[in-house]
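Final position of the sequence shown in my numbering is 700; the numbers increase by one with none missing.
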Amino acid sequence: MNNKPFYITTPIYYVNDRPHIGHAYTSVACDVLARFKRLSGEEVFFLTGTDEHGLKVEKSANAAGVSPQALADANSQHFRDLTQMMNISNDDFIRTTEKRHIASAQKLWQDMQARGHITLGSYSGWYSVRDEAYYQESELVGGKAPTGAEVEWVEEPSYFFKLSAFGDRLLEHYAKNPQFIGPETRKNEIVSFVKGGLKDLSISRTTFSWGIPVPGDEKHIMYVWLDALANYLSALGYPDTDARLYKTFWPAALHMVGKDIIRFHTVYWPAFLMAAELPLPERVFAHGWWTIEGEKMSKSLGNAIAPGALVDEFGLDQTRYFLMREVPFGNDGNFSRQGMINRVNSELSNNIGNLAQRTLSIINKNCGGMIPQPNAYTAEDEALLADAKNLYILPEGKGSSLHDLMEAQQFHLALERVLELSSAANAYIDVQAPWKLKKEDPDRMNTVLYVLYCVIRKISICLQPFTPDSSSKMLDQLGVAENMRDFAYVGEEFCPRPGTVLLPPQPVFLRFTEKAA
Ligand code: MSP
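Written as structure tokens, this is what we have:
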């Protein structure tokens, strides 16, 4: 097993908003990967948190008639609650108003400044509060930001980061590290953006005060994106580069972000780190955006879906599964209620749930509730066991294994592989019809049920990162010891012994039915 430490981060969420499924999506994707890596025997540090400074938060607080700190405290808690609700296994939760973060962001600034990459000047140009981003006149579309956000004219003294000096080094980095930006289409966008020439970046503001003071010039506060990006270092103990976490986990293995913030993570962030002479993260992956029943999710349409509403109606693991399964990871996708019902019923309930329920109830009824003793395998048994064997790691050159798909953040395909195995097992059970064999050929019945048992154990182990609670219930029912559930034990040779007594079966993935009005 690979024991390289794995540091994974979500973006830190703005506290002007309540959590919606877009936020839950990024967090669940990171969680699935963090759990997958832990099960693979890697040491993992998984960070999430909240982004609390900036004009957007200050304005929202003013509009609500509360202090920015009070707004941040209340809304940060909602994001913390979201991690609990979605069963996110983060190791830390960082807030940018914490002392440890302020010290880290200021030190990053000083590191960049000491090396001559920051100069004082004055900024005049367009700024979008919603995007917390500067735009060139030439980027505006019909007087608005390219994202559709309103822009305002800003003129003030400002410190600048000499981003223009980093274009060639960034391009060289992308070329030498082809995995640095994923998916490929996003990489192409970023490369052409950088090739188009980079302008120096305004990194301080003087016309409002909700931010981290610039070291040595307290009339200025730091640009919220410089402040926010530093969070990835702060949580590891930076500026103490001898801190255990920093030494173990920096540079990050993966920053997971939405497509809207890829530029900040693959242009500004690596340039800041180069300027401070700190190592760069290994990879940034940008996922797509969700629309709701075909419409953009927006405050004005009031159509944002609260993750809690989905969890209450469909179940936690069902919601996690849907988010990871419905849309090819990296693409945009659409949430529809019908889509959710279809995934829950046809895949979780009819396919996987039904396979487990059918098999375990026959074992319970016909085998005295014990794992049956297999006899000689037929070609059909061997074929299904080979499929199961190949699920996690495939022999060289035979397509993509679950392991490879997870490494490439292709979560929807990883789940498809699990479903394919489950479908094959359902087809096998239909043909073998073990329920008929009790009288005709009990030895054969035992073999068929044992083969199915092995396949269900494999499926349950592999689903753990996606549906942790349900998988754990399945593994309990299968009599798999808690310390034998990681990928080191995925092989058939680690199946509990025939004769092991099983708990009475209970359905795990229930069918969703609409409540009568
Ligand atoms: N605070 C910044 C990130 C700073 S990271 C150093 C930010 N916050 S955010 O709250 O606006 O967005 C956080 C994440 O949620 C982003 O990755 C964004 O792409 C994601 N999503 C917000 N709406 C979304 C959808 N409708 N669909 C999918 N993800 C979306 O940006």
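Positions of the beta carbon are idealized from the N, C-alpha and C atoms, including for glycine.
Helix, strand or coil: how does DSSP classify N245 here?
helix
Which same chain residues end up closer than 7 Å to E697 when comparing Cβ atoms and leaving out the 5 residues on each side of it in sequence?
none
Provide the residue(s) that pair with I364 in DSSP beta bridges, ordered along the chain.
V467
Boundaries of the beta strand (DSSP E) in which L412 is found, first to last residue
Looking at the DSSP string, L412 is not in any beta strand (DSSP E); the run it does join, the alpha helix (DSSP H), is 407-412.
Pick from G420, L303, E333, P679 that is closest to L384, judged by C-alpha positions:
L303
Short Cβ contact (8 Å threshold) for V510 with H448:
no
Helix, strand or coil at V440 according to DSSP, with G and I counted as helix
strand
What is the DSSP secondary structure of R757, reduced to helix, strand or coil?
Since the first residue shown for the chain is 184 and the last is 700, residue 757 is missing from the structure and cannot be characterised.
Out of curiosity, what's the CA-to-CA distance linking D200 and M480?
13 Å
Within its chain, find whatever has a CB closer than 8 Å to the CB of M184; leave out the 5 residues flanking it on each side and keep chain order.
Its pLDDT being 47, under 50, M184 is placed unreliably by the model, and nothing is read from it.
Are at least three pairs of beta-carbons, each pair with one atom in the segment 655-665 and one in the segment 637-644, less than 8 Å apart?
yes
Using 8 Å as the threshold, is the segment 284-294 in touch with the segment 414-421, meaning 3 or more CB pairs across them?
yes
Going straight from the alpha carbon of A328 to that of F497, what length do you get?
38 Å
Among P453, S321, W309, M667, nearest to W336 - alpha-carbon criterion:
W309
Which ranges would you report for the alpha helix (DSSP H) in the segment 286-363 if only whole runs of at least 4 residues count?
350-359
Examine the ligand MSP and report whether any of its heavy atoms sits within less than 7 Å of the Cβ of A411.
yes
Suppose the cutoff is 6 Å on Cβ atoms and the five residues either side in sequence are ignored; what does the same chain contact list for D500 look like?
T650, D652, S653
Quick one: what's Y197 bridged to in DSSP?
D234
Which residues DSSP lists as bridging S655, in chain order
Answer is none; S655 lacks a bridge partner.
Please determine whether the Cβ atom of W309 lies at a distance below 7 Å from any heavy atom of the ligand MSP.
no
Measuring CA to CA, which of T233, M268, G380, Q267 is closest to Q252?
T233
Report yes if the C-beta of P194 is less than 7 Å from at least one heavy atom of the ligand MSP; otherwise report no.
yes
Straight-line Cα distance separating W292 from E333:
29 Å
Comparing the CB of H206 with every heavy atom of the ligand MSP, is any distance shorter than 7 Å?
yes
Whole angstroms are fine: how far does the CA of I445 sit from the CA of R369?
8 Å
Can you list, in chain order, the residues of its chain whose CB lies under 7 Å from that of G491, leaving out five sequence neighbours each side?
M268
So, is T192 buried or exposed, given that buried needs 16 or more other C-beta atoms within 10 angstroms?
buried
Specify the secondary structure class of P188 as computed by DSSP and reduced to three states.
coil
Spatial neighbours of L254 within its chain, please: C-beta separation below 7 Å, excluding the five flanking residues on both sides.
V198, V240, S243, A244, A247
Rounding to the nearest angstrom, what Cα-Cα distance links W473 and V440 in this structure?
13 Å
According to DSSP, R388 sits in a beta bridge with which residue or residues?
I404
Residues near S392 in its chain [Cβ-Cβ closer than 7 Å; skip 5 each side]
I404
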